[in-house]
Structures are given as structure tokens and as C-alpha cells.
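Residue numbers (the working numbering), protein chains in the order written: chain E, 90 to 547; chain Z, 90 to 547.
We put the CB at the ideal spot given by N, CA and C, even for glycine.
Structure follows, in C-alpha cells:
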């Protein structure tokens with residue numbers, strides 16, 4: 090087999106990169122669990138007809154076929170019945186899981202889910218075709234109190250904030266409320282709310298003038314209505330003043346809307362609570378539209394401060410109908426972190442590094458193959474006290490064994506005593522310091538015990 | 090959407106089942122890391138031609154197709170070039186990862202890998218089509234010392250042994266050495282070694298008489314040769330006595346083989362070391378053949394004592410050529426735990442249970458929606474000290490809030506003080522005991538802090 094080359098869109102990390110990813114995943118999991126979110130996993134596949142319920146994502150699905158089907162004479166299935174596809178997000182499978190298991194879940198049900206998802210992008214697009222998402226959602230049975238729309242972005246702020254000490258930049262969470270936009274548009278006399286949202290969502294990409302043209306061409310807006318929509322989208326701020334500015338704009342255009350007022354009250358509550366619980370993190374930004382996702386209340390996007398061009402690394406919102414089985418409706422609110430995108434940036438941008446790529450803090454040297462059992466015994470004693478250890482692969486010269494540790498970043502080499510009555514010794518190969526040590530008592534400093542992730546400059 | 094039904098072969102767990110699976114995964118990971126194995130993940134897909142290099146697995150591969158390909162007019166690809174399939178084990182992707190990254194890895198390279206794998210079984214077979222495997226492997230560049238063939242099954246013994254306290258039965262690791270069997274067969278005059286191994290591998294399924302018939306019919310063995318192969322397969326034992334019995338059998342049949350002697354020396358070393366390092370766990374069993382896998386030295390299977398009919402839950406062996414790029418050969422030895430099979434048995438067999446299905450140890454009650462910020466502040470103080478907490482979803486009557494905690498198995502309910510100068514109180518809802526408490530100081534007993542997994546009877 091010739092040396093294989095990477096597959097575009099399917100990121101993989103070397104062991105030290107995986108230390109970074111694992112640290113990110115462990116940190117997210119811990120924060121989610123401290124907030125009471127239960128971890129679940131769903132299967133990687135869903136029936137194709139369920140994956141295709143949202144039209145716009147259909148092009149991104151990977152469909153599965155059993156190779157054996159051909160041999161069985163079935164040929165490729167041409168209809169969709171019974172076909173399976175890989176999930177492209179964790180929301181569709183979670184909604185299905187809730188319906189399937191509703192009788193066994195206590196509502197409101199808070200879950201986190203950290204899994205890979207797949208999108209069948211064209212290979213030449215250079216996008217990730219496989220990546221890890223970390224989602225939190227709360228779903229109610231019948232109803233779901235508004236305060237979860239305040240709580241969930243703050244859980245994400247805390248989770249991402251817990252990564253600050255490894256060198257992850259601070260985050261800014263941009264929030265909006267669909268009711269404000271919808272109420273405002275309808276109050277203006279515009280009825281194609283989805284069309285307006287879709288156009289506004291392109292603001293960062295194509296600019297205000299082009300969006301104004303789109304609004305006129307595609308939603309039947311007058312140029313004055315288009316300007317009003319753009320004026321709304323230009324409002325942002327970290328305190329309740331944004332609410333006053335939206336009201337002033339509405340008054341200027343003769344807009345009156347109960348829906349807008351309800352949205353503004355919610356937005357005010359979110360911004361005010363966030364200012365107390367996570368000062369400086371949450372900013373109301375009236376241009377946040379979240380494309381065609383079926384959100385009905387709060388919507389969220391998250392940028393890394395100083396890396397805004399990376400786009401949103403954590404997005405989500407409120408669904409009045411996350412799932413429904415005909416009898417019962419399950420409203421939900423949730424956010425999803427694009428872990429692979431974040432980790433990829435941390436690694437490729439040289440923002441963080443792992444102190445080593447292997448777990449072992451200690452390499453136990455082997456004096457001769459006949460005394461390997463003595464080295465194994467030292468390793469067992471250290472592991473029994475929670476210290477990660479490798480034993481040298483061969484009884485090479487000690488200089489070679491030390492180089493073996495050095496190449497892996499293992500900070501300590503342990504030399505078992507070779508004479509009765511002599512003490513074992515352990516060497517810090519960074520400083521060269523070598524001291525007597527007892528495998529039943531010695532431990533490395535906490536900072537050396539496990540690989541750590543630190544800012545790249547440290 | 091009607092209530093969906095589970096997909097056969099794609100297991101999913103309720104939150105308390107996931108607590109069990111997560112505990113198993115965390116325990117395995119910790120043991121692997123204590124032994125110096127670096128964690129990696131590989132992408133879920135490999136080029137189809139690489140997946141099909143081992144003929145017998147071709148029928149089990151799920152092939153991917155981008156739904157968009159149809160729309161692009163390409164139609165289904167009929168050749169295999171560029172096609173992708175889901176990996177059906179973690180060995181093929183690991184071998185590819187080693188070749189792809191050899192220049193960046195330090196050898197011998199020890200890695201663990203815990204991921205889902207997929208097999209496109211016929212749906213009606215009732216087998217898992219998606220399941221989690223946990224693999225450890227050591228791979229050398231050019232050579233790999235024999236002692237790793239002793240070490241690796243003992244790491245697995247320790248990892249599985251660390252699950253004993255939750256109620257996992259003890260394990261027995263059955264070991265054999267391909268050199269013994271091959272040397273013995275060739276010494277007998279049999280040349281179709283793979284054919285003999287394939288027949289012997291069916292011993293548990295079809296019995297000795299049918300295997301004897303197979304050996305005669307398919308490998309050209311005489312009935313005396315067949316009886317000798319079966320006699321070899323009947324030898325087992327936990328100490329070096331097995332080596333003497335194999336030698337006696339060989340002498341009886343006039344078999345002389347250097348290859349067999351080399352295998353016996355290795356097998357003796359493994360059994361003797363295991364008797365010291367993990368007494369009673371490792372048993373030499375000369376019938377272990379591991380089907381057609383390309384093992385060249387030690388082979389391993391693992392059964393749960395008392396649940397032998399479940400089959401092997403942890404198997405593996407030594408490959409002289411795990412990977413090769415033409416210039417360099419990479420020998421390896423590794424084992425793989427079938428985590429889903431193990432967890433499924435633990436849950437369906439009622440062997441273990443989680444103390445609760447949610448992380449939270451404490452539910453902070455909400456006296457009135459206006460005082461929710463006070464409850465949020467208590468929760469933040471407790472979480473800041475590492476205690477997992479939920480806040481009540483609504484300011485319902487306290488009895489209802491306590492029932493909410495009870496339904497989830499949350500052991501403590503916290504009542505924020507409602508008057509200035511009064512103390513908060515915390516109630517253990519199992520005993521009913523309620524005491525004054527300070528959110529800056531109180532902690533639950535360690536046994537209540539996080540969900541635990543315990544034997545079902547506890």
C-alpha cells in the first residue's frame with residue numbers, strides 16, 4: 090500500500106492535536122453536566138425521509154447502501170422507503186429520540202450530545218464533510234418556560250469561557266428574537282417574513298445595498314420598507330437601550346405590533362439577565378436571522394472575539410415545535426458548538442499547544458530484558474497511584490531510552506535499582522536532576538501528571 | 090410525525106443506560122492512559138478499495154453516496170474508484186493512519202481508539218449494525234518486541250477488571266499462538282494451514298465430529314491427522330503444563346517443528362508472566378484460531394465468566410504486517426473490546442444500574458418567578474465548587490418541585506431563604522432530613538455527587 094493522503098473534508102489530528110480536542114470535549118462535558126444536562130448519544134443514521142423534511146439540507150445528505158445489496162440482486166434502491174442516511178446535525182436525531190422515548194423521559198428534558206455529523210458537500214468545496222458538534226437542548230412537553238432561552242446561551246458562555254485559560258479567545262454571543270423581526274415586518278406591511286429573513290441573513294455576505302435590491306425584487310418590499318428592514322438590522326447593543334431604539338424606529342415607520350412587543354420584552358429580559366450573570370458576553374444584534382431554520386423565538390450566534398471572520402462557532406435558538414407526534418408538541422431551545430471548526434482554528438492558528446502528545450508522565454527504564462519484570466513492577470506501583478507510565482520498549486543503552494522519552498515529551502525517566510539495598514532513581518530529563526525515589530511514594534508535580542493544553546506562547 | 094420505532098441493529102440507550110456506557114468508556118480510557126496509550130480518532134470513512142482488501146468483510150460494508158450526485162447527473166457510481174465506505178473496524182483505519190502519519194509518530198506507537206463502527210448486516214439478522222469498539226494497539230516500525238504480546242492482554246485484563254466493582258463479571262482471557270498451530274499442522278504434513286484454522290474455528294459451533302469431517306473433506310487431512318488437530322485444540326490450561334502437553338502430543342505424532350517450538354516458548358512466557366501479573370485471568374487454549382484474521386503470533390479471546398455463551402467480548406492478536414508502505418513494515422499487536430455488546434448485556438441482563446440518569450445532585454427550588462435570580466445565584470455558587478445542579482423549571486408548589494427532583498433521582502432539594510437573615514435549607518428527599526445550609530460551604534456526600542454505576546442488587 091502506498092502512503093495514503095488525507096481525504097479532503099475529513100479532519101484528523103495527530104496525537105497532540107487530539108489532546109487539545111479531548112480537552113475541549115472534556116471541558117464542555119463538565120460544564121454541561123454541572124448544569125444538569127444528561128449526556129445521550131443517538132445512532133449515526135436516520136431514515137432518509139426524516140432527514141429530507143427540511144428541504145434545503147437535502148443536498149448535503151450521505152445516503153447508505155449495503156454493498157451486499159448488489160450481490161443480493163436488489164440493485165440500488167430508487168425510492169426512499171427504508172433508505173438510511175447519515176445525520177447532518179444532532180437536532181433531527183434528538184427530536185426523533187424525544188418522540189421515540191417520551192414515555193421514559195422526565196420533562197423538561199435537558200440533554201447534551203457530542204457526536205460527529207456528516208454533510209455530503211462537494212469535495213472541491215474545501216468544507217468539513219465530517220465534524221464534531223456539541224449540542225445542548227432543553228425540551229418541554231407541551232410548554233417550555235421562557236427562562237430557558239436566557240439560561241442556555243449562558244451555559245454555552247460558561248462552557249466556552251472555561252476554555253479561556255488554554256488560550257481560546259473570549260466569545261461574544263449575538264442574540265435576537267424572531268418575534269421582533271416578524272412583528273416589525275408585518276407591522277410594515279410585509280407578509281413574506283421568511284423571504285425577508287432570508288435576505289437579511291445575507292447582509293454580511295453581500296452588503297446592505299444588495300440586500301435592499303433583494304428585498305424589493307423578491308419580497309415585494311418598497312424601497313422605503315427595505316430601508317426600514319435594514320435600519321432594524323443595524324441595531325445592536327449590550328443593554329436594554331436596544332429595545333428603546335427598536336421602538337423608536339417602529340414609531341418612525343408607524344409600526345405597531347403585539348408580537349414585536351412580546352419579542353422586545355423577551356429580548357430585554359435576556360440582555361438584562363446576561364449582563365448580571367455573564368457581563369460583556371451577550372449582545373443584542375437585530376440582524377441575526379439564522380437563515381431558514383425553524384426558530385420561533387430567541388436566536389443565537391457566537392463569534393470568537395478577534396476571529397469574527399471564522400463565522401459563528403455556536404448557534405441555535407428556540408423552536409416552538411422541536412417535535413410533535415400529533416397528540417403532544419415538544420417545544421425546545423438549544424445551541425450547537427462546531428467543535429471541529431473551533432479545534433481546527435486553535436491548532437492551525439497556533440493558539441494552543443499540548444504539553445505532550447502521550448499520556449505517560451514517566452518512562453520506566455529497562456536495565457536488561459531479564460529484569461523487565463522489575464520495571465513492570467515499578468510501573469504497576471506508579472499506575473496504582475494514578476500516575477500514567479510507559480515501560481521502555483527495549484533494554485537499550487540508557488541514553489537511547491532517555492532519547493525515547495524525550496522524543497515523546499515524557500518528562501521523567503525512572504531507573505530501577507540494580508543492586509540489593511540500592512534505591513531506585515528518577516530523572517527529570519528537562520533539568521537533568523536525578524534523585525532517589527520510591528515507587529510507593531513518589532509522584533510528579535501536578536502540572537506534569539497528565540498532558541495539559543496551554544496557550545501556545547506558554 | 091408518528092411516534093418513531095427503533096431501527097433494528099442500531100442500539101441507543103436511555104439517559105441512565107448512557108450513564109452506564111459512559112462509565113465503561115471513562116474507565117477504559119483511564120486504564121489505557123495510565124498505561125501510556127495515546128487516544129486518537131480516525132474519520133468514519135475509508136476508500137472502498139481499502140475496506141475491501143480483506144475479502145470476507147466485503148459483504149458488511151456500508152457504501153456512501155452523496156444524495157446530490159443524482160442531481161448533478163452523475164448517477165450512481167458503478168466503479169469503486171473514489172467511493173467511500175464506513176469503517177467496519179478500527180484496525181483498517183489505524184493501519185492507514187500509521188502509514189499516513191508515520192513521519193510524525195514516535196515508534197513503538199501505542200494508541201487507544203474508542204469509536205463507532207458499522208457493518209451492513211442484513212436487517213433481519215438481529216445483529217448490531219452500529220456499535221462502539223475500544224481498541225488498543227502497539228505498532229512498531231520495522232520490528233516490535235515480543236513482550237508487547239504479553240503486555241497488551243494484561244492491559245485489557247486490568248481495564249475490564251476495573252469494571253468489577255460495578256458488577257461486571259470476571260473475565261477469562263483465552264490465548265493461543267499461531268506459530269504453535271501452524272508448526273504442528275505442517276509437522277503433521279498438512280499444508281492448507283488457513284483451511285485447518287478455519288475448520289478448527291468452528292469447533293464451538295458444530296462440534297468435534299463435524300470439524301473432523303470438514304478437515305478431511307476440505308484440507309485433505311487423513312482421519313488420523315484430523316484427530317491430531319482436534320487433540321491439539323482440546324489442550325488448555327492456566328500454567329506452563331500446557332506446553333508440555335503440546336510437546337507430548339507432537340511427539341506422539343512424530344511432529345518436529347522449530348516454528349512450533351518458537352510459538353510454545355512465547356506461549357509459555359505469556360502464561361507465566363500473566364500468572365504473576367494477573368493471577369487466574371489468562372488461560373492458554375489451543376483451539377483459539379480467530380478465523381481468517383491475519384494474525385501471525387499470539388491470538389486472544391475474552392469471555393465473561395458465567396456468560397460464555399455471549400462469545401468473545403475482547404479479541405485480537407499479533408500481526409507481523411499491520412501496515413506496509415513498500416519501504417517499511419509496521420508489525421503490531423492489539424485487542425478490541427466490543428463495548429456495545431458488553432453494555433447491552435449489562436443493561437439487558439440487569440447486572441448493573443445507574444444511581445440516577447441525570448447529572449444533577451441538587452435541584453434548587455424557585456419560590457416565585459421574581460426570585461429566580463436568587464435560585465440561579467445559589468446554583469452558580471454550588472457549580473463553582475464542582476456540584477452539579479439544576480434549577481426548578483417553574484415556581485410551582487414545593488411539593489411539585491420535590492416530586493420533579495424525585496422523578497429524576499436528584500437526591501437533594503435546596504430552598505433559598507425567603508426572608509432577610511434566614512438561612513437557606515437543603516433537604517435530602519430520600520430521608521426527608523432538612524438542614525440549614527450555606528451555598529458557599531455545603532456539599533453532598535461524595536457518593537451522591539455524581540451518578541454512579543453499581544451492581545443491580547445494591
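Is residue i close to chain Z? Criterion is C-beta to C-beta, closer than 8 Å.
| i | result |
| --- | --- |
| residue 423 (chain E) | no |
| residue 547 (chain E) | no |
| residue 138 (chain E) | no |
| residue 449 (chain E) | yes |
| residue 157 (chain E) | yes |
| residue 150 (chain E) | yes |
| residue 224 (chain E) | no |
| residue 534 (chain E) | no |
| residue 486 (chain E) | no |
Any beta carbon from chain E within less than 8 Å of residue i's own beta carbon?
| i | result |
| --- | --- |
| residue 97 (chain Z) | no |
| residue 124 (chain Z) | yes |
| residue 153 (chain Z) | yes |
| residue 113 (chain Z) | no |
| residue 398 (chain Z) | no |
| residue 131 (chain Z) | yes |
| residue 236 (chain Z) | yes |
| residue 178 (chain Z) | no |
| residue 529 (chain Z) | no |
| residue 419 (chain Z) | no |
| residue 186 (chain Z) | yes |
Quick one: Cα of residue i to Cα of residue j, how far?
| i | j | result |
| --- | --- | --- |
| residue 537 (chain Z) | residue 508 (chain Z) | 29 Å |
| residue 390 (chain E) | residue 455 (chain E) | 54 Å |
| residue 341 (chain E) | residue 402 (chain E) | 36 Å |
| residue 97 (chain E) | residue 216 (chain E) | 8 Å |
| residue 364 (chain E) | residue 327 (chain E) | 8 Å |
| residue 272 (chain Z) | residue 191 (chain E) | 59 Å |
| residue 406 (chain Z) | residue 133 (chain Z) | 23 Å |
| residue 371 (chain E) | residue 362 (chain Z) | 60 Å |
| residue 504 (chain E) | residue 476 (chain E) | 16 Å |
| residue 218 (chain Z) | residue 430 (chain Z) | 11 Å |
| residue 482 (chain Z) | residue 489 (chain Z) | 11 Å |
| residue 94 (chain Z) | residue 101 (chain Z) | 12 Å |
| residue 314 (chain E) | residue 299 (chain E) | 14 Å |
| residue 445 (chain E) | residue 109 (chain E) | 10 Å |
| residue 104 (chain Z) | residue 496 (chain E) | 42 Å |
| residue 356 (chain E) | residue 178 (chain E) | 27 Å |
| residue 492 (chain E) | residue 470 (chain E) | 24 Å |
| residue 453 (chain Z) | residue 224 (chain E) | 24 Å |
| residue 124 (chain E) | residue 247 (chain E) | 10 Å |
Identify the residues that DSSP records as bridge partners of residue i: which are they?
| i | result |
| --- | --- |
| residue 288 (chain Z) | For residue 288 (chain Z), which the question treats as bridged, DSSP gives no partner whatsoever. |
| residue 174 (chain E) | E:135 and E:152 |
| residue 304 (chain Z) | None; residue 304 (chain Z) has no bridge partner. |
| residue 263 (chain E) | E:372 and E:390 |
| residue 479 (chain E) | E:452 |
Between residue i and chain C, is there a C-beta pair that is closer than 8 Å?
| i | result |
| --- | --- |
| residue 265 (chain E) | Absent here is chain C; the protein component of the structure consists of chains E and Z. |
How should residue i be labelled, buried or exposed, when 16 other C-beta atoms within 10 angstroms of its C-beta is the threshold for buried?
| i | result |
| --- | --- |
| residue 202 (chain Z) | buried |
| residue 510 (chain E) | exposed |
| residue 208 (chain E) | buried |
| residue 180 (chain E) | buried |
| residue 520 (chain E) | exposed |
| residue 421 (chain E) | buried |
| residue 345 (chain Z) | exposed |
*Pick out the complete alpha helix (DSSP H) segments inside the segment 310-356 of chain Z, 4 residues or longer, and give them in chain order.*
312-322 and 330-341
*With a floor of 4 residues, list each alpha helix (DSSP H) that falls wholly inside the segment 109-138 of chain Z, ordered by position along the chain.*
none
*Counting only runs that start and end within the segment 500-547 of chain Z, where is the alpha helix (DSSP H) found for 4 or more residues in a row?*
535-538
*Considering only residues of the segment 388-474 of chain E, which uninterrupted beta strand (DSSP E) runs meet the minimum length of 3 residues and lie entirely inside it, listed in chain order?*
403-413, 418-427, 441-443 and 451-453
*Could you name each continuous alpha helix (DSSP H) segment of 4 residues or more that falls completely within the segment 186-260 of chain Z, going from the start of the chain to the end?*
236-250
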